[in-house]
Structure formats: C-alpha cells, structure tokens
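Single-structure report; data block below.
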Amino acid sequence: MPSRPTVTALVLALAAAPLAVPGPAHAATSISCHASGDVSFKPGVQAFTQRHEVAYFGERRSCVDHSDLGIKSAALFVGLDDVDLSCLAHDVGHGSGMAIIRWNTGYAELVSEADVTVEETTGNTATVTGIVRRGPFEGRRLTGRFQTGLLGEKGECAHIAKAAKEKEAHDTKDEGRDAWDHHSAADKMYGLDEYGVRGAGFKGDFTVG
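Reading the sequence shown from the start, the letters are residues -27 to -1, 1 to 182 in mature numbering (1 follows the signal peptide of the UniProt record, and there is no 0).
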C-alpha cells in the first residue's frame, strides 16, 4: 500500500503551479512581507497533547522589497510535521518542514522553497526560521513570526479548554465511578469530541535576507 503523503508534500503540491518561474539568486538581497490566511491541524487539536501536521495557507500580502526583483506581494505556504499541540498548553514541540513563497512582481510570478523549523513559541505566536534552498533569495535566511487564533479566551480552543476544566471538576466529584460509559457521556456533556480544532486563522510577517 502506498504511504500517505505528509502535509509538507501536500502544501508543496498545492503551492507549486506550472506557471511559476524560479528567479535568479544573484539578483536578491532582502525582503519583508506581511502574511495572513488559514492554518489547519491534523488531527484536530484537543485538550491533551498529541503530535500534529500543521499547514499554513497564506493569502497574497504586500512586501517591502530591498532587492532589484521588483516584488510587490507574496503568498506564503508552510507545511510542518511532528508539532506537539494542545488546547491547554502554551508551548509546543519544535516541528520542521518546508515553506513555499510565491512572489508576485505585477507581471511575473517567482517561487522560492525553504527548509524550516519552529524555533520558539509563546502563547499563540510561533517563530519559524530556515534557509531558502531554491529560487529567489537562495541561501538567504527566512524568519517568520505568525500568530494563530488558537489559544486564549477568544481562540478556537476556548470551548475545549473550558470543557476540559468542567469535565475535570465533574470527574473529581465522581472519582469512584470510572466506567467507560460514564466518561464517554461526560465527554459529550461538556463538548469534548474526537475531532478537536482542525483550523484557525493566522497573521504575521516574515523576512528573507
């Protein structure tokens, strides 16, 4: 049976279009861009910590270009594997993967590929770093800071975090009743299910150079 493609492979397949043309590395110095879009989690993020595939699907946002490429905007796509996440934890595991940046000059589209890792997390904010391996800015360092609407009172995880605390209090009261049916019913009562949070929005910025 063929192996299931990782989220990194799927992001690369989605982001790389036939019309994309790699740009000359020698023409580039540095660039800064805004980023925003959607992020997906597979499996969905739960109250307990587990390993996830995380994919950022960025929209086209404006850039400040310090090279002679004339780049006006860019869309960022990032696929990360082996990221430990939980709706109750404010730090995550340091996953790794690949990034695709689709640069737009107004008359042409260029593509860069980079190897990336999650260097640091603070609450909803993750710092991702890596090296561009192909396309414009080849050999230059990529640094991005992205804030995901996952944790906190207004985050996508809020209902799961609240439900987990209520269920914990419920289970403490009924400590002697540990039958499977009892706990399954409590999960449903407090809004906990097998799917978890499978997506959220993100925003931030990144620089290459």
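For glycine and all other residues, C-beta sits at the position ideal for the given N, C-alpha and C.
Counted as a single uninterrupted DSSP element, the beta strand (DSSP E) harbouring Phe119 occupies residues Arg114 to Thr121. Within 10 angstroms of the beta-carbon of Gly112 lie fewer than 16 other beta-carbons, which makes it exposed. Three or more Cβ pairs closer than 8 Å define a contact, and the stretch 41 to 59 meets that threshold against the stretch 68 to 77. Distance from the CA of Glu82 to the CA of Phe110, rounded to the nearest whole angstrom, comes to 14 Å. Of the candidates Glu93, Gly182 and Cys130, the residue whose Cα lies closest to the Cα of Gly172 is Cys130.
In the displayed model, Ala48 falls within a strand according to three-state DSSP. Cβ atoms of Cys36 and Ser5 come within 8 Å of each other, at about 7 Å.
With contacts defined by Cβ atoms closer than 8 Å, Gly169 and Val18 form a contacting pair.
Per DSSP, the continuous beta strand (DSSP E) segment holding Asp11 begins and ends at Ile4 to Val18.
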